[in-house]
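All remarks here apply to the structure that follows.
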Amino acid sequence: MNKAVQLEITSPAIVHCGTGKSFMIAEEAARLGKRVVIVTGGHLRDSEWIAKLLDHLRRHGMDTAVADPITSEPTVEMVDDLADLLKRRKADVIIAVGGGSVMDTAKAAAVMARHDGPTEDYQLARRKITNPPIAQVFAPTTAGTGSEATRVSVLTNTRVGVKRSISHPWMTPDAVILDPELVASLPIYLTTVTAMDAFAHAIESAVSRNSHEFTRNVALAGIGKLSSGLPKSQSDPNDLDARLDCLMGSCYAGWAMQTGLGASHSLAPAVCIVAGIRHSEAVAALLPHVIRLNEQYSPGTYDCVKQAMGTNDPATRIEELCARGGFECNLSRFGLKRSDWEQVREVMSRYASHRQTNPVEVTDDYACILFQAATSE
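If you read the sequence shown in our numbering, its first letter stands for residue 173, the second for the next number, and so on.
Pasting the structure below:
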């Protein structure tokens with residue numbers, strides 16, 4: 173931990189946790205505004221659950237609309253489309269019920285609804301955020317990205333071939349609802365790989381070079397929640413206490429990761445682009461290899477993580493949890509070969525994120541060793 177690091181983190185103004193708490197979505201939206209747009213994933217948009225939410229909102233006298241569903245990882249074009257809808261509807265609240273892609277799209281659109289120009293201009297730092305966004309009420313349906321707790325939206329820009337974030341303290345959601353009923357139907361495979369993203373956020377922020385006593389303790393609490401909740405959720409998907417542990421662990425990890433992450437998040441964007449896989453899958457495949465490599469270069473780095481996870485071998489424990497969910501921590505399962513390194517390296521050269529906050533600087537040589545370790549043939 174760098175004791176000289178200066179801490180600046182943001183958090184949602186209010187978080188509601190517990191089974192059945194999703195009714196607070198409408199309560200919070202009504203508190204924050206009068207004209208609301210709801211954005212969800214494809215499986216929820218036309219569901220009975222959304223119909224009930226709309227009815228609840230209308231009982232509060234709110235003007236409502238439902239956006240087209242978010243069905244893939246967010247792009248700047250998707251944000252532009254959603255921001256246009258928010259402007260046309262004169263929305264003052266956006267409700268996001270979904271996974272990380274839904275929340276990241278909603279978060280960026282909320283700020284773009286109060287700005288001119290394409291999202292790309294702000295992603296590529298041609299323009300600065302100068303106006304507060306419309307109010308945001310988020311309810312995650314996966315326990316993984318922690319987007320509900322952060323001020324960051326990670327977007328793909330296919331035109332210039334980059335995956336880069338937009339970030340501002342104002343982008344932190346105003347209200348968050350963590351209701352395990354919203355994640356209970358998530359298949360075990362997706363439960364597992366999304367939880368690995370949360371594990372990576374918590375583990376990598378705990379050992380970050382910019383780690384602070386405050387964020388480290390939050391990260392370790394997140395590791396504890398995930399270590400307890402994930403295996404129970406895998407054994408019994410309807411265990412709502414376990415599901416809530418995963419949601420809380422993910423939220424803690426999202427809060428803690430504002431001091432920087434590590435090598436799995438340095439390499440994952442390039443792997444996603446080259447292999448065409450989910451962010452969570454790339455991170456899950458890389459994470460145990462990152463732990464082993466960092467421990468090799470810097471023994472003792474993960475002592476606090478070992479205690480929080482209740483194991484002397486966190487890398488193997490991650491692999492075991494992944495295997496229980498039908499996932500193998502090997503990039504070869506996605507068609508990547510060790511000979512693909514040069515292509516991955518070229519794409520990775522466009523991303524500078526988290527190279528300096530990993531316990532060991534993520535040089536090209538380090539990244540090559542990591543890629544080879546994660547791509548056994």
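Cβ atoms here follow ideal geometry from the backbone N, Cα and C, with glycine treated the same way.
For residue j and residue i, believed in contact at Cβ under 8 Å, the rounded distance
i	j	result
M420	H373	Contact doesn't hold; Cβ gap of about 13 Å is too wide.
V462	G434	6 Å
S581	S504	One cannot answer for residue 581 here, as it falls past the ends of the chain, which runs 173 to 549.
G432	T529	3 Å
G401	R415	7 Å
P184	A321	6 Å
P403	L493	7 Å
Rounded separation between residue i and residue j - CA only
i	j	result
S194	C418	16 Å
G192	L398	21 Å
M368	H451	10 Å
L204	H340	20 Å
L257	P304	18 Å
K478	E180	27 Å
A442	V516	6 Å
E518	P460	24 Å
D218	V238	9 Å
W302	V283	According to the sequence shown, residue 302 is Thr rather than Trp. Near 9 Å, if we compare the C-alpha coordinates of V283 and T302.
K509	A457	14 Å
A255	V348	21 Å
V208	E467	48 Å
M173	D413	Confidence at M173 is low in this model, with a pLDDT of 49, below 50, so the placement of that residue should be treated as unreliable; the coordinate-derived value is given next. Rounded to whole angstroms, M173 to D413 spans 33 Å at the Cα level.
G214	I242	6 Å
S325	S407	32 Å
I267	L225	10 Å
F499	T364	8 Å
I338	H384	23 Å
T182	T488	33 Å
S377	S319	15 Å
F386	P359	34 Å
I375	D536	22 Å
A198	L229	5 Å
C501	V379	21 Å
Y523	G497	30 Å
T483	M250	42 Å
D411	V187	21 Å
G333	Y294	16 Å
K262	D288	15 Å
D227	V309	17 Å
I541	I490	20 Å
V534	R231	53 Å
S586	S273	As displayed, the chain neither begins before 173 nor continues past 549, which places residue 586 out of reach and without an answer.
K259	T330	24 Å
A196	C189	Reading off the sequence, residue 196 comes out as Met, not Ala. Each residue's Cα considered, the two are about 10 Å apart.
Exposure label - residue i; buried when at least 16 CB within 10 Å
i	result
T277	buried
Q495	According to the sequence as given, residue 495 is Ala; it is not Gln. A495 comes out exposed.
E292	buried
G233	exposed
I335	The question names Ile, yet the displayed sequence has Lys at residue 335. Answer is buried; the Cβ neighbour count reaches 16.
E514	exposed
F543	buried
E200	buried
R298	exposed
Q178	exposed
S244	exposed
E220	exposed
Check whether residue i and residue j have beta carbons under 8 Å apart
i	j	result
G271	T328	no
D252	P290	yes
D346	A307	yes
L354	A285	no
A280	I395	no
V532	Y474	no
P409	A370	no
M275	T344	no
A539	S405	no
I210	V248	no
A545	L465	yes
I222	T212	yes
I445	F506	no
One or two residues paired with residue i in a DSSP bridge
i	result
Q308	I266
D413	Beta-bridge pairing links D413 to no other residue.
L350	C189
S337	V326
D235	R207
G213	I242
T247	T328
Near the ligand NAD: residue i beta-carbon under 7 Å from a heavy atom
i	result
L229	For the structure depicted, the ligand NAD is absent and the ligand set is empty, with no information on it obtainable.
Min CB distance residue i to chain D below 8 Å
i	result
G497	Considering every chain present, this structure includes no chain D. It has just one protein chain.
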